[in-house]
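Right, one structure below, let's go through it.
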Amino acid sequence: MPNKKEPLSIIAVKTLLAVIIFAGVGMIIFAGGWMIGKHKKVSEPVKKDVVVDNNKTEDKTAVREKTPDETADWKTYRNEKYGFEMKYPEGFFTEQVLQPKTEATQCDYANFINNCPAKITINGMS
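When the sequence shown is numbered by numbering that gives the first Met the number 0, its final residue is 125 and no position is left out of the sequence of numbers.
Set out below in structure tokens:
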């Protein structure tokens, strides 16, 4: 018997066509975004001119307000082993050592999991 190749089924043709259309639309969207990004102009911030009125005009200069650095007096913790650092304010870490205390009373040891009320206290606070 001679081997006859069957033509591509209709489902395979539809699948291939859908993939080609999807890829084409994706390339068009990508190219459009690239073109918009390439030709988009970045606007520069507007500078305000200051004029002092004392019967004479001062030189016009750009005014920039400096914002104070809120983290200027913070300390820096650096961990070389794990490769990170963080800034923290004074008093960020607690100086108090927490001492948990657990009291279990009136336990039914046969059914310990469900019938053992426990009281947990940390530094005198329940």
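Note that CB positions come from ideal geometry on N, CA and C, so glycine has one too.
The model shown is predicted, which means the values in this text are computed figures rather than measured ones.
Close beta carbons around residue i, own chain, < 8 Å, minus the five adjacent residues each side
i            : result
glutamate 84 : Thr75, Tyr76, Arg77, Asn78
glycine 36   : none
Pick from the options that is closest to residue i, judged by C-alpha positions
i             : options                    : result
glutamine 64  : Lys80, Ala30, Tyr87, Lys47 : The amino acid at residue 64 is misidentified as glutamine; the sequence shows glutamate. Closest option to glutamate 64, Cα to Cα, is Lys47.
tryptophan 73 : Lys13, Glu89, Tyr81, Gly32 : Glu89
Beta-carbon proximity check, residue i vs residue j, cutoff 9 Å
i             : j         : result
isoleucine 70 : lysine 86 : Position check: residue 70 holds threonine in this sequence, whereas isoleucine was assumed. Yes, the pair counts as a contact, with Cβ atoms nearer than the cut-off.
6 Å Cβ shell around residue i - same chain, five flanking residues per side excluded
i         : result
lysine 80 : none
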